[in-house]
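S.K.:
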Amino acid sequence: MGLIDTLFGHAGERPVEKLAEEFAPLLAPGETLQRAFGLIRDLIVFTDRRMILVDKQGVTGSKVQYLSIPYRSIVMFSVETAGHFDMDSELRIWLSGQAAPIARTLGRDSGAREILALLAQHAPR
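Take a look at the structure:
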């Protein structure tokens, strides 16, 4: 993943080994990082227990919002893929007790299919 790919929003999977130190304080004992996907500064991180949406805000990115979503609270999810002339895909996740979905814009090659597969794998049975 090069700088040009990141600037154009094509950043995809990120190595979890590089994120381990940053996420160590956020993880429960025994919880492990499985996979992570990025788009410029924001991340979608999958652990063995939950999904964490990371929204870095401001010019320097020093203000960070971590939204923790336990897999059991995900009711439905969808991805609208990018077309020929579109640059972005959109991920929507509906949570129990909330009418409006959480929406995140993904780049064209940001791992939308892999994210769908991971959500399906962790969906409550």
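So in full-length UniProt numbering, spot 85 of the sequence shown is number 85, and the numbers just go up one at a time.
Just so it is clear, CB atoms sit at the ideal spot from N, CA and C, and this is done for glycine as well.
Predicted, not measured: the structure shown is a model, and the values here were computed from it.
1. If you draw a straight line from the alpha carbon of Leu118 to that of Val59, how long is it in whole angstroms?
2. What does the Cβ neighbour count give for Asp48, buried or exposed, with the cut at 16 atoms within 10 Å?
3. Which residues mark the beginning and the end of the alpha helix (DSSP H) in which Gln121 is found?
4. Under the assumption that Arg92 contacts Ser73 (Cβ atoms under 8 Å), give the Cβ distance between them as a whole number of angstroms.
5. Buried or exposed for Ala28, going by 16 or more other Cβ atoms inside 10 Å?
6. Assign Ser73 to one of three DSSP states: helix, strand, or coil.
7. Assuming Ile44 and Leu53 are in contact, meaning their beta carbons sit under 8 Å apart, how far apart are those beta carbons, in whole angstroms?
8. So, are the CB atoms of Gly107 and Ser89 less than 9 Å apart?
9. State the DSSP-derived secondary structure class of Pro25, mapped to helix, strand or coil.
10. DSSP three-state label for Ala20, please.
11. Would Ser96 pass as a contact of Val64 if the rule is Cβ separation under 9 Å?
12. Quick one: Cα of Ile115 to Cα of Ala103, how far?
M.R.: Taking the coordinates as given:
1. So the alpha carbons of these two residues sit roughly 31 Å apart.
2. In the assembly as shown, Asp48 is an exposed residue. Its beta-carbon has fewer than 16 other beta-carbons within 10 Å.
3. Per DSSP, Gln121 belongs to the alpha helix (DSSP H) from Ala112 to His122.
4. The beta-carbon separation of Arg92 and Ser73, rounded to 15 Å, does not stay under the 8 Å limit for a contact.
5. Sixteen is the threshold: since fewer than 16 other Cβ atoms of the shown chains lie within 10 Å of the Cβ of Ala28, the residue is exposed.
6. Look at Ser73 here: in three-state DSSP terms it is helix.
7. Yes, Ile44 and Leu53 are in contact; Cβ-Cβ is about 6 Å, under 8 Å.
8. Yes, these two residues count as a Cβ contact at 9 Å.
9. Pro25: helix per DSSP, three-state reduction.
10. Per DSSP, reduced to three states, the secondary structure at Ala20 is helical.
11. In this structure, the beta-carbon distance from Ser96 to Val64 does not fall below 9 Å.
12. Cα-Cα distance, rounded: 13 Å.
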